[in-house]
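Everything below concerns the one structure shown next.
Chains as they are written, first to last, in UniProt numbering: chain S, 1 to 484; chain U, 1 to 484; chain H, 1 to 484; chain Y, 1 to 484.
Put into structure tokens, the structure is as follows:
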């Protein structure tokens, strides 16, 4: 039960996970384990930079899963030392020319020594910054927006790297959770709104870890200490953790989609497991959108906790109507046209003997393009279901995200072009209902629902209210929702 | 929710899956898809043999997953023709020297043309047969017992291949479901007791498929026609399906562990889904072994259906207390001693915020060595559970299987050495209970439970009653249970 | 200066080299070195079988060069023990479907233990033997004719392996030099005519080696003891070398093309280095076919020794008019049509500043199809040569070889279809002359030239006189030269 | 017959070759062929950058031979367009951590568009430049000195790339031949002394090529136009070739070791083939250092032309006393200690039957450490030679090169520590003689020998007279020869 999904093409995707360790022998091994636990945040590629007092900085960047690369002794031996950071990145499938140069962490040699950074989020004024930097003689090695940060640091006049990073980040707009390192320091930063997550952990007596999610602390046996606060920079050395506040204060706007889909269900946010929030979404959904039926089935695996909640609140039995093939990797390609046209389902199979003749409630986490929902409906009906009712554990996804999530363009988002009844008819199901924005906020712990004057979360994908103006996108002609 | 398990080392393992197609262009592509759906029956290696009227027989055998090998156009193009069979085989990890020569299907060129066979099961008099064949000049290419069959066929005086196969199989003892092919025929056979499964499907108007399980018919859009009967041989050509009965009649003894663990939950046996049988095991278990607790959690993924049934019968809420990392492959090796010693759990993580302070019922499919159960108990207690109660969806596993399943030696089986209370103390849990053999038979559809005079299933792993005498093993000194 | 050639497509090719070692720790490492030194006899693939008293027989077979496969510690560690044999095999480029099963040595498990054999040569009645064996129940694993030998051995009633091998080889017609092994013996055999070479070497105090050529004894520091005699079988154990004579006596007919091209120039045959024989061919050629010119240039590398001899006898200066690119492997494929059409020469380049305005004698080892000679002539003229004279270090190649050499079909052999003047016109050179058969025999040490009543060598490729009737080929319709 | 050598460890090594093409469809394919012909100038790695009007800049950099990487259609298709440059680089074996980032060409995106450069030579003030650039905010991606050039270009205020390159190169000290490209221009530059070679070729009607040597023009069928002159920059577009003179005029100092060893024998310098120069060195050597003997043998392959010249001048017969194994790659590693200690010779074998009892003159191109010469002497004596006389086709190598050649440190150079007689005794041969510096100059076309006031070549490795002060090395403590 993990937040991935058999039809990955039809999901919003978190673009990155970051992890760092200081004060532990063989830190890179710990980082590899942490990245493995964060693999759901980025499956295309991963990288690790380590530092050893004698052997200096070393790095390795690879396409593919952490487990297939950063588990080989021959590679890990090239990453010695008690300090390391790492990054996993999402597969930008369809974008031409994925190149290893775009894989983080990025490294720069400055006059006072080297530094490496790994970035989760998105810089909304990167295009303007890049143009300016090139005009002044910086040479970019990647097409990544994150590389701006290291060039801004290279040009700062500050005498140490944390101060140079503050200089650089004050010029950057957008959402970011950053893990960085110098020869002796592990550094963590979250933007002023805290859109992306970042947590602090303690390893034994001497070590510290920074991670996108708590589940990656568990895998290395680290104790979860606290979340890095929005707008906070922590600088960790042998002496301990120092807290800085480099940015102007602002009210937090954590990404609510982390609750819906991105984070792993065993991660903890605000003292509650993501699993429990999702189960509670199912409870709210059962209250808001009840329907008479025989069984409640999740669309595996991301719909499972909400389906459990829906079943418990409604009293309708929970059942596994759709079975996932666990050996399906991302690489299974139907070899020939004739087979492709059969509509072969490689990843899911309907539990035909169970479904036959039943009125089925299907609980899914979200609807993006709607292509997946149509296929699943067809499978269920083909197996002889009497009725199909979709219940969606998030509000209609109507706006693209510019803060580090891969979203289709607006005209590809089903909910940006149809109302609920049109969507139901389009999908060809007996009913289709989404949880309300207020219901979602309640499940996420806001008993009174959404504060419309100043929302407690970033919910731009649902509401179109962007907490940071996406400057590059506006320059390219994107029109944000008019203030009402 | 698949019948695999995060601690694969501590499970019984099905050793093979077989699949064959006739009467379909690009038959090998269909076989690849079928094998992919049967991957849970064997993860070490796979092979396909195809036949094309112009290009003759071709074969490819590879270590690794089907999806990583038999999806490449460059390979599949070497397997043309409308007739193909395939095989997946279990990883005999720990046995020295896995070699590609041992990967099936096996092929032989006879005087009247070539034939290939793929075998699921185990020949219990293979050692004796092999010795005899070598003395008469046969040259074995593999260490596989299954190769005996093709040499026996080569030495038969019958004029056609199906008759040679009957000659050969009448000399063979043990359990077998076989898919074989000549230039024009697809052949399926089950031993007289029908220990291993084999089913027949129809593809469109002209094609036929043979498969270990029905789930592999679904993936290619084939219609499930019927099970091949115990003791039946079917010979399929362009003319249709011909049924033979080469063996003396016997009462069937299907493997009951297929219900417990081996088969995929979406496969159908006797008209009922395996999922539903397993859910029913959970219901029986809740009746036989109730306990007061706060939540019922499956050990993912194989314990899930029984946990759902237990929750439904007992009224105790179902919850996902253990989360599985879906990116864990078989290859993740902890790179260094220091990390190995931390007891890092790469595959599972406890949902700590959920478990804390709760009385937890853990439902698992079986206990083999018990090593896994101990680790899981430790994780759960470490997360702050108040009580831990194990409920096992099968009776104590006390005897090795000699019919195509990889089992530890008897002295490694926990239940062969301890009674239930000793096991509970050894595992260090608050309670431990197994379903009864009768309860299991009831869940599998035998309303009156087990017929002790002539059991309806092969349950030798639980009862020690071996329906076919394991001749080679007895020759090596194995003592079977004395008749009482 | 090695007997390979930049235009390999236009050469006769030796099909195999064999090597074996007994009485040396890590025998497989010595075999790897020996095969490396014999790589010119077969570049497609290589294999090694070793035996260790504790670990039994092990084998590895790989496509590609010895140096790229049998140099990895991870592979060589799987081939332990003091007894090993190996085989390199020629690239049957163009023949469909090279498969690893065809790579030797072949192995068979007999009632009294296992044996492996490596074969250099060709069995001229293999098709008939194969048919008979299959009818009696043998299952062939390869398409190689050599596999017949091991099946014949499996069916022999003799009590030990050397006797079984005699049984088998007495049924075999053709040319063969064989290196074989049992658990305790290294065995070498040459056919009664001794067409293919095989020599014996001594390694230190305790070890022995068998090799196709003496150059492979040099690489392991072994002392050259003697040639295995035509019709001799040697059985080597810890006790020493035992000599058998299993076949009816016959006058030897060693392959004369080994002198011309196949063997390495640093190998020794009959007490003289192949290099010296080739240089002497150049001397004879200068006497038989003088011409007025400015420089004598070899076609590298196989024409070099004869060019040196020609220069020394004629007094015309030797010069390197054609330079070979040493980084050219077999894998350089011109990537696009446009480049292919430019006639780019990837392997050779003319030394333009040297050639310009000169009358050039080009010395090559042989003319097969003539395609290469045309290209070289064009290169030389394009660089401004005044005249081009070809001198060929062998007589016209007019007949295919059936004794282990890959030759084009007769109608592809230039000399089978044209007389010398027609060939000269076809190639477009100022003169073209071949050494006479008598001249070649003189250079090879026969002072009186060829004994036409009973030739001292097999020279069927020049004379059409086949010392062993090629039964399979005749069955397929090949007409051998009528006795005159 | 190529300028490589079986004992590569004991040779000076050219560090790079460069090649560029403009005005030809699929320019990258031509560059791949050119680099293949220049492979002897660098075997570790190669890279190509291409530009296509629609697809922009693309690049590929790989470790290994050109023929193994840049021959795959799948790779070459990623390098489209009519403009491309490439680079091969020497294996810095023994230096820790060869990384793909160090492989050229280097690329930079400037305000007016991108540019790529490939550099043959060495920058003698690179360390100082690098320090300065980092202090101003440049981020280096490689450890290569050549990267300075592209950063200096990025910081130039000039409006176009050729002018920026002039700005950059005027700050650079040392030796360089550069091939560079923008979106529309191919650029070639040689330093003011012209230490490293660079030539211009014409491809058909529309295309141009720049190459380190003429042999690489031959392979693509390009016509050799002229050498780029010392201190010249050529800018080539669709309009033709424009010549610039960015540097202060100086007398040329071409590297004389290019004549001795680096360049391919079929390349042309000053109208004469390198082969002929080397043959002439042999003639001079025979005059300067005669000796009575039976045969003259080259140490293959680099000693061959001089050995031919020596034989022709002395009248002593030329013979191939040492045979090279052509299948020896750089990767053959003796797998076990026992074999390593046998002194196995994998690359060379003595022609034992020829050498026995002879007085042998061995002609080699140079003596660096002397380790090779000792081994060869042992092989020859072990084969029974009566006398061994070494004749060396260059003067004693006494000083390291700082202009793009890999040389051992001074204390490793045999001739820096011993006089001729001491070397002879150390090597254990009957005589050892080197050609004189004047003799070498005569062979290279300077009839009056070396002009000691202003030498016509850079011969610092022999004379210790460095035409460009090696600033970085002096800063590290290296003492150059005092002016006399």
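Note that the Cβ used here is the ideal one computed from N, Cα and C, for glycine as well.
From the DSSP output, which residues share a beta bridge with residue 298/U? Residue mapping note: residue 298/U aligns to position 298 of the second chain, counting from 1. Paired residues: 363/U.
Taking the C-alpha atoms as reference points, what is the distance between residue 151/Y and residue 130/Y? Taking the first residue of the fourth chain as 1, we reach residue 151/Y at position 151. Taking the first residue of the fourth chain as 1, we reach residue 130/Y at position 130. Those two C-alpha atoms are separated by around 9 Å.
CA-to-CA distance, residue 39/U to residue 153/Y, given in whole angstroms: In the fourth chain, residue 153/Y corresponds to position 153, counting from 1. In the second chain, residue 39/U corresponds to position 39, counting from 1. So the two alpha carbons sit approximately 57 Å from each other.
is_contact[residue 150/Y, chain S] using C-beta, thresh 8 Å: Position 150 of the fourth chain holds residue 150/Y. Yes, contact with chain S.
Under 8 Å Cβ to Cβ from residue 71/H, same chain only, skipping five residues before and after it: list those, please. Position 71 of the third chain, counted from the first residue, corresponds to residue 71/H. Only 32 meet the Cβ criterion.
Chain S residues whose Cβ lies nearer than 9 Å to that of residue 499/Y: In the structure as shown, chain Y begins at 1 and stops at 484. Residue 499/Y is therefore absent and cannot be evaluated.
Please return the same chain residues whose Cβ sits closer than 7 Å to the Cβ of residue 270/U, not counting the five positions on each side in sequence. As a first step, residue 270/U must be located in the second chain, where it is residue number 270. 445.
Helix, strand or coil at residue 4/S [DSSP, three-state]: As a working note, residue 4/S is residue 4 in the first chain. Unreliable placement is indicated for residue 4/S, whose pLDDT of 37 sits below 50; the coordinate value is still reported in the next sentence. Three-state DSSP puts residue 4/S in coil, outside helix and strand.
Anything in chain U within Cβ reach of residue 273/S, meaning under 8 Å, just list it in chain order. Sequence index remark: in the first chain, residue 273/S carries index 273 (1-based). Under the 8 Å cutoff, chain U gives 351, 352, 353 and 354.
Contact set between residue 10/H and chain Y, taken where Cβ atoms lie within less than 8 Å: If you number the third chain from 1, residue 10/H lands on position 10. Residues of chain Y passing the Cβ test: none, with the nearest at roughly 18 Å.
Exposed or buried, what is residue 36/H when buried is set at 16 or more other beta-carbons lying within 10 Å of its beta-carbon? Counting from one through the third chain, the residue named residue 36/H turns up at place 36. So residue 36/H counts as buried.
For residue 205/S, go through chain U and note every residue whose CB falls closer than 9 Å to its CB, in chain order. Translated into the one-based positions of the first chain, residue 205/S becomes position 205. The contacting residues do not exist; residue 205/S stays about 14 Å from chain U at best.
Our contact map puts residue 306/H next to residue 264/H with C-beta atoms below 8 Å; I'd like the distance itself, whole angstroms only. Locating residue 306/H in the third chain gives position 306, where the first residue counts as 1. Locating residue 264/H in the third chain gives position 264, where the first residue counts as 1. That pair is no contact at about 15 Å.
For residue 384/H, I'd like the list of residues in its chain whose CB is within less than 7 Å of its CB, leaving aside the five on either flank, ordered along the chain. For this step, residue 384/H is matched to residue 384 along the third chain. For residue 384/H, where only same-chain residues beyond five positions count, the Cβ hits under 7 Å are 355, 356 and 357.
Does any residue of chain S have a CB that is nearer than 8 Å to the CB of residue 141/Y? Here residue 141/Y is taken as the residue at index 141 of the fourth chain, counted from 1. So, interface residue.
By Cβ distance, which residues of its chain are closer than 6 Å to residue 61/H, with the 5 residues on each side in sequence left out? Along the third chain, read from residue 1 onward, the residue named residue 61/H stands at position 61. Hits under 6 Å: 47, 100 and 103.
Count the other C-beta atoms from every protein chain shown that fall within 10 angstroms of the C-beta of residue 116/S, then say buried if there are 16 or more, exposed otherwise. In the first chain, residue 116/S corresponds to position 116, counting from 1. A residue is called buried once 16 or more other Cβ atoms fall within 10 Å of its Cβ, and residue 116/S is buried on that count.
Helix or strand or just coil, what does DSSP make of residue 379/H? Position 379 of the third chain, counting from 1, holds the residue named residue 379/H. Residue state, collapsed to three classes: helix.
Just reading off the beta strand (DSSP E) that residue 66/S is part of, what are its end residues? As a working note, residue 66/S is residue 66 in the first chain. Per DSSP, residue 66/S belongs to no beta strand (DSSP E); it is in the alpha helix (DSSP H), 66-69.
Tell me, please, whether the segment 203-210 of chain H touches the segment 19-30 of chain H by the rule of three or more beta-carbon pairs shorter than 8 Å. yes
Cβ atoms of residue 176/Y and residue 199/Y: under 8 Å apart, would you say? The sequence position of residue 199/Y within the fourth chain is 199, counting from 1. The sequence position of residue 176/Y within the fourth chain is 176, counting from 1. In this structure, residue 176/Y does not lie closer than 8 Å to residue 199/Y by Cβ.
At the 8 Å Cβ level, is residue 137/S part of the contact set with chain Y, yes or no? Position 137 of the first chain, counted from the start, is the residue given in the question as residue 137/S. At least one chain Y Cβ lies under 8 Å of residue 137/S.
Residue 419/S classed as buried or exposed, judged by whether at least 16 other C-beta atoms fall within 10 angstroms: Here residue 419/S corresponds to residue number 419 of the first chain, with the count starting at 1. Flag for residue 419/S reads exposed.
If you follow the beta strand (DSSP E) that residue 58/Y is part of, which residue opens it and which one closes it? Walking along the fourth chain from the start, residue 58/Y turns up at place 58. Run containing residue 58/Y: 56-63, per the beta strand (DSSP E) assignment.
Let me make sure I understand the geometry here. Which of 13/Y, 398/Y and 148/Y has the alpha-carbon closest to that of residue 125/Y? Residue 125/Y sits at position 125 when you count from the first residue of the fourth chain. Looking at the Cα atoms, 148/Y is the closest of the given residues.
Residues of its chain near residue 75/S, where Cβ-Cβ distance is below 7 Å and the 5 sequence neighbours each way are ignored: For the purposes of this step, residue 75/S is taken as residue 75 along the first chain, with counting starting at 1. Correct list, in chain order: 60 and 69.
According to DSSP, residue 388/H sits in a beta bridge with which residue or residues? As a working note, residue 388/H is residue 388 in the third chain. For residue 388/H, which the question treats as bridged, DSSP gives the partners 360/H.
Residue 334/S by DSSP, collapsed to three states: which one? As a working mapping, residue 334/S is identified with position 334 in the first chain. Any reading at residue 334/S needs caution, since the residue's pLDDT is 47, under 50, leaving its predicted position unreliable; the model's value is listed next. Three-state result, residue 334/S: coil.
Can you tell me the Cβ-Cβ gap for residue 220/H and residue 42/H, rounded? I've got them flagged as a contact below 8 Å. Taking the first residue of the third chain as 1, we reach residue 220/H at position 220. Taking the first residue of the third chain as 1, we reach residue 42/H at position 42. Contact flag wrong, Cβ pair sits at about 19 Å.
Straight-line CA distance for residue 86/Y to residue 398/S? Walking along the fourth chain from the start, residue 86/Y turns up at place 86. Walking along the first chain from the start, residue 398/S turns up at place 398. When rounded, the distance between both Cα atoms is 48 Å.
Neighbour flag for residue 539/S against chain U, beta carbons, 8 Å: In the structure as shown, chain S starts at 1 and stops at 484, and residue 539/S therefore has no counterpart that could be examined.
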